[in-house]
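All remarks here apply to the structure that follows.
Number of protein chains: 2
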Amino acid sequence: MPASVSLLPVTGLAEIRPGDALAEKLLACLQGQAESGDVLVVTHKIVSKAEGRVIDLNSIKPSEWARQWAERWKKDPRQIEVVLRESAGILRMEHGIIISRTRHGLVCANAGVDRSNSPGETVCCLPEDPDASARGLSQRLSQGLGFTLPVLISDSFGRAWRIGIVNVAIGVAAMDPFTDYRGQDDPHGYPLEASIMGSADALCSAAELVMGKTAGVPAALVRGFAWKPDECPSSRSMIRPLDQDFFR
Amino acid sequence: MPASVSLLPVTGLAEIRPGDALAEKLLACLQGQAESGDVLVVTHKIVSKAEGRVIDLNSIKPSEWARQWAERWKKDPRQIEVVLRESAGILRMEHGIIISRTRHGLVCANAGVDRSNSPGETVCCLPEDPDASARGLSQRLSQGLGFTLPVLISDSFGRAWRIGIVNVAIGVAAMDPFTDYRGQDDPHGYPLEASIMGSADALCSAAELVMGKTAGVPAALVRGFAWKPDECPSSRSMIRPLDQDFFR
Chain A
0 MPASVSLLPV TGLAEIRPGD ALAEKLLACL QGQAESGDVL VVTHKIVSKA
50 EGRVIDLNSI KPSEWARQWA ERWKKDPRQI EVVLRESAGI LRMEHGIIIS
100 RTRHGLVCAN AGVDRSNSPG ETVCCLPEDP DASARGLSQR LSQGLGFTLP
150 VLISDSFGRA WRIGIVNVAI GVAAMDPFTD YRGQDDPHGY PLEASIMGSA
200 DALCSAAELV MGKTAGVPAA LVRGFAWKPD ECPSSRSMIR PLDQDFFR
Chain B
0 MPASVSLLPV TGLAEIRPGD ALAEKLLACL QGQAESGDVL VVTHKIVSKA
50 EGRVIDLNSI KPSEWARQWA ERWKKDPRQI EVVLRESAGI LRMEHGIIIS
100 RTRHGLVCAN AGVDRSNSPG ETVCCLPEDP DASARGLSQR LSQGLGFTLP
150 VLISDSFGRA WRIGIVNVAI GVAAMDPFTD YRGQDDPHGY PLEASIMGSA
200 DALCSAAELV MGKTAGVPAA LVRGFAWKPD ECPSSRSMIR PLDQDFFR
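In order, the protein sequences belong to chains A and B. Position 101 (the first sequence) corresponds to 100 in numbering that gives the first Met the number 0; numbering is contiguous. Position 146 (the second sequence) corresponds to 145 in numbering that gives the first Met the number 0; numbering is contiguous.
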C-alpha cells in the first residue's frame, strides 16, 4: 500500500539577518516538529541572508553599460550591475530581461538576484556554494535531532516552453537528488529505459505549495517520501550538459 | 498559521482498458476518500487508455524514412512512425532522440508516445484533448461527490537546462493553473512583479512523489492547497509563446 506524503510548513522562524546562525534557529523550530525520514526544503533567501549575500544597492556604482541598459528598460541600474556581476555568462538580454548562467551553472532570470523578500534598498543573491550551505545545515540539524535530515535549498525559476515559475533545488545534502527507475520494469514487465525523475526538484516544487511567496514561510518538511541516502550529492549533477540538451 | 498539504495516493483502481468508464471507476475509489477542497491529479496514461489512445504496433506500417531512422538508432520503426504521426512539428531529431511539438503545443520527447505502462506490443499516446478529458472527469466526479473536484492530467517531461524528468499538467479543469502574486506585496512591502507560480505543474510534480513509475498508482489527491476556482481553464495558457520564450 503506497504511503501518503505530507508537506509541513516550518513555523516559528523569525526574520533572518546577515550573520544569523541559521542552523541553530532552524533547529529550535524543528525540535519536536521534524521526524526521522523527513526532508527539509529551505528557500535560498534565508540561507543567502544568513550568509550575508544581501547587497545594499546604495553601495553599488553601476557601470556605464549597466546604466544605459537600465535606462532603456526602466530598471534600477544598481540592480542591473549586481545581476551582471553575479552572471558567469549572459544567455539573453532583451526586453528588459536578463537570462544568465550563474557560476553554479544555473540558468535563470537575473542570475538569481532578487529584490522581493529582501529589506529596504537591498537585493538578495544566491548563496556562493548552495551545496556547502545545504551540507552545513544538514550536518548540524542531523546532529541536533539525532537522525539524518537531508536538506534541499530551493529557488523559483522560469522555464523554457512553459509559463509560470516553479521551484527547483539549487543545493542538496544527504540525499540522492534523483529517483532512477532505469533497470526496473513497469507493472507490464517492460523495462523503464529513460526514467530518471528529478526528485529533488519535485520535492522543492511540492514544498512551494505550503511556502508561498507572501506567507513568510521559508522552510518546509516533506514527510513520507522514500529518499535514498547519498553522503556527497551535488546540485551540479542536476545541470544538463549543453551537448546533451535537446530540450532547448 | 499556514496549513499543511497532503498528497494521498488513490488506491483500488484496477488496470484501465480501452472503453472503460474511467470517471465511474475513479468515483468508486474516491467515495469516502476525497474531501471538499481536494485536487485530483491523474496520470495521462489511464486517461489515454480509457479513451482508446493505445496503438497496437503490429497495426503500424512504418514509412521508409521512419524505418531508416529507427535502424540507424536501433529503435522500433513502428514506434518511430507513431511518434512522427503524433508530432505537429519536430524540434530535434538526433542521437535517437525526437523532441516534438504536439498538436496541443506541448514540447516533449517522442510526442508523449510511450511504451512503458502499456500492455504487450502497444504504445500509449497523449489524449486528443486533455482539457476536455479533465473537464469530463471533473464534472462527473464533482457531481458524484457533491463538491467541486478540480482535475489535473499529468505527464512526465524532460526539461531544458536540467536533468531529470518532472511531472507537468497537460490538462486542467475547474481550477486556475497559476497562482498570480502580481500586485501583492512581500512581507517587506516590496511589490512582487514577476511572480506567477505554475501551480498546476507544481501540484503534478508533488503528486508524482506518491505515484511513482512502478507502484501502479495512477492518481493522487492533493489536500490542503488553496486553489482558485476557474470554470474554463486551459492548458494552452501554460504554454509559453515562442516570441516570449527567453529561457530556451
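The beta-carbon is built from N, C-alpha and C at its ideal position, and this holds for glycine as well.
For Arg-84(A), the three-state secondary structure derived from DSSP is helix.
Counting every other CB atom within 10 Å of its CB across the protein chains shown gives Lys-48(A) a total of 16 or more, marking it as buried. By the criterion of at least three beta-carbon pairs nearer than 8 Å, the segment 51-71 of chain A is not in contact with the segment 169-178 of chain A. DSSP places Ile-45(B) inside the alpha helix (DSSP H), whose first and last residues are 43-49. Taking 7 Å as the cut-off, the Cβ atoms of Val-38(A) and Pro-129(A) do not count as close. Bounds of the beta strand (DSSP E) holding Ala-218(B) are 218-222.
Excluding its 5 nearest sequence neighbours in each direction, Ile-96(A) has C-beta neighbours in its own chain below 7 Å: Ala-108, listed in chain order. Straight-line measurement puts the Cα of Leu-6(B) at about 10 Å from the Cα of Phe-224(A). Under the Cβ criterion of 7 Å, Pro-118(A) is counted among the residues facing chain B.
When secondary structure is reduced to three states using DSSP, Arg-52(A) falls in the coil class, being assigned neither helix nor strand. In the DSSP assignment, Asp-200(B) falls outside any beta strand (DSSP E) and within the unbroken alpha helix (DSSP H) covering 198-210. Comparing alpha-carbon positions, the option among Ala-218(A), Ile-162(A), Leu-241(A) and Trp-226(A) lying closest to Gln-243(B) turns out to be Ile-162(A). For Cys-107(B), the enclosing beta strand (DSSP E) stretches over residues 106-108. Taking the C-beta atoms as reference points, Leu-90(B) is found no nearer than 7 Å to Gly-111(B). The Cβ of Leu-208(B) sits closer than 7 Å to at least one Cβ of chain A. Listed in chain order, the alpha helix (DSSP H) elements of length 4 or more contained wholly in the segment 118-147 of chain A are 129-144.
Of the other Cβ atoms in all chains shown, fewer than 16 fall within 10 Å of the Cβ of Ala-87(B); this residue is therefore exposed. In this structure, Asp-154(A) is the residue among Phe-245(A), Leu-241(A) and Asp-154(A) with its C-alpha nearest to the C-alpha of Val-40(A). Between Pro-186(A) and Asn-116(B) a beta carbon distance of about 7 Å is seen, short of the 8 Å cut, so the two are scored as contacting. At a cut-off of 7 Å between beta-carbon atoms, Val-165(B) makes contact with chain A. In the three-state scheme derived from DSSP, where H, G and I count as helix and E and B as strand, Ala-168(A) is classed as strand. Taking a beta-carbon distance threshold of 7 Å, Leu-140(B) does not count as an interface residue toward chain A. If the five residues before and after Gly-51(A) are omitted, its C-beta is found closer than 7 Å to the C-beta atoms of Pro-17 and Gly-18, all from its own chain and listed in chain order. For Met-237(B), the neighbours in chain A by C-beta distance under 7 Å run, in chain order, Arg-161, Ile-162 and Gly-163. Between Leu-25(A) and Leu-136(A) a beta carbon distance of about 7 Å is seen, short of the 8 Å cut, so the two are scored as contacting.
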